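Read through the structure below, which is laid out as C-alpha cells, and then see the notes.
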Amino acid sequence: MTKGEGYKIHVLKIIEGLVKKGHRLFLLTINENALLPEFEKYRYLTVKHKYLRLFFHRIFPFTGMINSINILLHILRFYRLHRFDIIHERWGLYSFGGILASRILRIPHLTEINGPGIEEKKLFTKDIAPIQKFTAKMIRKFCLRNTDHVVAVSNNLKSFLLDNHLINRRDKITVLPNAADVTAFNKQFDAQSIKDSLGCEDKFIIAYTGTLQVWYAIEDLILAFPQILKEISNACLLIVGTGQTRKTLEDLAYNLRVSDRVRFMGYVQHEKIPEVLSIADVVVAPYKGVGIPFFNSPIKIFEYLSAGKAIVATKIGQITEVLQDQHTALLVTPSSIEELANAIIRLAHDEQLRSYLAKNAKIEAQKYSWDRYVDHLVDIYRALIV
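With my numbering applied, the sequence shown covers 109 to 494.
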C-alpha cells in the first residue's frame, strides 16, 4: 500500500464500495509499515515485508516468493477463523499465495492485474536479473492460467495477456477501467479563497495531479510553459503530487526561468484533490510514448472528467477510448511539446470551447464511478461463487 497513490486509491475505493453494499471483507497486504491509517475503518492485516540479510539475497534474490508464502499461510489461518467465499488478489511479481490458497481451500480466485509488471520494470525502473525474470514469467503464467477469472485494467493489457498466451480463454478476462468518486466532485468550493491561499489570484490556472514519475511527460509540460506564457501572460502551472522526478522538474523550471509561475504543491491528500481541481481552468495528463503499448488506466483522467474541466491529454492507450478529441478533451501526440502548448493556448483563448469540453466531461464521468465499478466486480464474484 506504499507503492503509490493510485495503487492505494484503487484498493481503498473497492473496499469502500463493497462495504457500502453490505459485503464482508478482509484486507491482507504486504507492507513495510504495520499501520494503514486510510484503512483503519476496515478489517485488515499487514504482513511485514521480509528482507534477506547479509549475502543471502544474492543467493536467493526472491523476497517476493517469501512474501507469497507468508500470504498463503495467513490466508489458510484466517479461513479457519472466518469462512469466506472468494479470494481477490491484486497481482504482483511472484504473487502466488492467493492462487495456492484458493486451490487448497477449493474456493474461487480472481486475479486483478494492472500491468504486465515484468516488461514495465525494464522501461521505468530497473530490469531484473535473467533468473528472476524467468521465474517471474513462470509464476505469472501459472497464476493467470489457474485463476478462475482475470480483471484487467485496459484493453491493451487484455490484448497483451491473450497475445502472449498468458490466458487461454477470452471469456476468462474482463476489462474494468479505473474510476472516480464522482460525488466528491459535486461539492461547491470557494474558488477565490483557494486561489488566494495559493497566490494564484487572477491567474489562468493549468493543473496536473498525480505522482511525479518517469513515465509521465511532466517535463514536456514545463518545456511548453515558456511558449504558453508568451500567449497567456497570467498563466500559472500547478503541479500536485510528489515523486522521484520532482527535483529534476524543479531544476528544469528554474533553468527555463518560469519557476515563479510553476507551483510544486507536493503531496496533497486525495480527499483534497476535488478542492484543488475546482480552481483549474485547464487540466493536463501528459504521457510518454515508450515503445510498448500503454497498459494503464489513469485515475487522474476519470477525476478530471468528474471535476468537469477542460482536459488536454496525450493520445495514447485507454485515454483515446475514454476521451473523445474535440468533445471531452483535446488530445495531443506523445512528446509533441508544440501540440501540448498550442492545445492549452487554444483553450485559454476560447472560453466557449473550454465550457463545451467541461460540460461534456461532467456527463461522461457518470460512466466511470467507483460505484459502477464495484457493481461490475460483484457481478463477477457472484458468477464465480455460483
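All residues carry an ideal CB built from backbone N, CA and C; glycine is no exception.
If you're wondering where the values come from, they're calculated on a predicted model, not measured in any experiment.
Does the distance from the CB of PRO238 to the CB of SER262 come in under 8 Å?
Not a contact, by the Cβ cut-off of 8 Å.
Assuming the contact rule is C-beta atoms closer than 8 Å, THR353 and VAL322 should be a hit. Round their C-beta distance to whole Å, please.
6 Å
Looking only at its own chain, which residues have a Cβ that is under 7 Å from the Cβ of GLU227, when we skip the five neighbours before and after it?
ILE400
Is ILE313 closer than 8 Å to LEU364 when the C-beta atoms are compared?
No, the pair does not count as a contact, with Cβ atoms beyond the cut-off.
State buried or exposed for ILE117, treating a residue as buried only when at least 16 other CB atoms are found within 10 Å of its CB.
It counts as buried.
Measure the alpha-carbon distance for GLU220 versus VAL384 and round it to whole angstroms.
31 Å
Would you list the one or two residues that DSSP bridges to TYR316?
ILE347
Among the residues of its own chain, which have a CB less than 6 Å from the CB of PHE204, if the five just before and after it don't count?
SER176, ILE247, CYS251
THR255: buried (16+ other C-beta within 10 angstroms of its C-beta) or exposed?
buried
Which full runs of the beta strand (DSSP E) of 3+ residues lie inside the segment 235-269, going along the chain?
257-260
Can you list, in chain order, the residues of its chain with a C-beta nearer than 8 Å to that of GLU339? Leave out the 5 residues immediately preceding and following it.
ILE453, ALA456, HIS457
Whole angstroms are fine: how far does the CA of ILE302 sit from the CA of TYR481?
31 Å
Is the distance from the Cβ of VAL392 to the Cβ of LEU329 below 8 Å?
yes
With a CB to CB cut of under 8 Å and the five nearest residues on each side skipped, what residues in its chain are close to LEU357?
LEU320, ILE326, GLU327, ILE330, ILE347, PHE372
Assuming LEU448 contacts VAL420 under a Cβ cut-off of 8 Å, what Cβ separation, rounded to an integer in Å, is found between them?
7 Å
Between ASN276, LYS249, TYR150, which has its C-alpha nearest HIS131's C-alpha?
TYR150
DSSP puts TYR324 in a beta bridge; with which residues?
TYR395
How about the segment 185-196 and the segment 208-219: do they share at least three Cβ pairs that are nearer than 8 Å?
yes
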